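Below: one structure, written as structure tokens.
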Amino acid sequence: VIDELEFLCCFCKAEIGADKDSLHFDPCGLIIIARWAKPQPMQREQQFWCHFECFRKMLNDDPHLYIMDDPDSAGSDAEDENETKH
Ligand SMILES: [Zn+2]
């Protein structure tokens, strides 16, 4: 059962979820894909856990962090993106 798992943040090393200040995004799974530009059989990937807030801090609050956007207010831009996906 997923609730019984202990998620440790790969940035601050603290347990995720114990903190009442955690955003509703937590726990976040962070997947790193090595050799991303190579064909998939040559890629390697590993998953980490983290607080969303720790990840956001690491990116210096990058404005491209569109994961925070409200999907309901995305408008027609989101649909355009889907069409150009490959
Ligand atoms: Zn953290």
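Residue numbers (this note's numbering): -13 to 72.
Just so it is clear, CB atoms sit at the ideal spot from N, CA and C, and this is done for glycine as well.
Predicted model, so just to flag it, every value in this text is computed and none were measured.
- Under the three-state reduction of DSSP, Q33 is assigned to strand.
- Counting of Cβ neighbours within 10 angstroms places P13 among the buried residues, the total reaching 16 or more.
- Inter-residue distance for N46 and E39 is about 10 Å (C-alpha atoms, whole angstroms).
- For C(-4), there is no enclosing beta strand (DSSP E), as DSSP gives it neither H nor E.
- For Q32, same chain residues with a beta-carbon under 6 Å away, outside a window of 5 residues either side, are I18 in chain order.
- With 7 Å as the limit, the residues whose C-beta approaches a heavy atom of ligand 1 more closely than that are C(-5), F(-3), C(-2), A0, I2, C36, H37, E39 and C40, in chain order.
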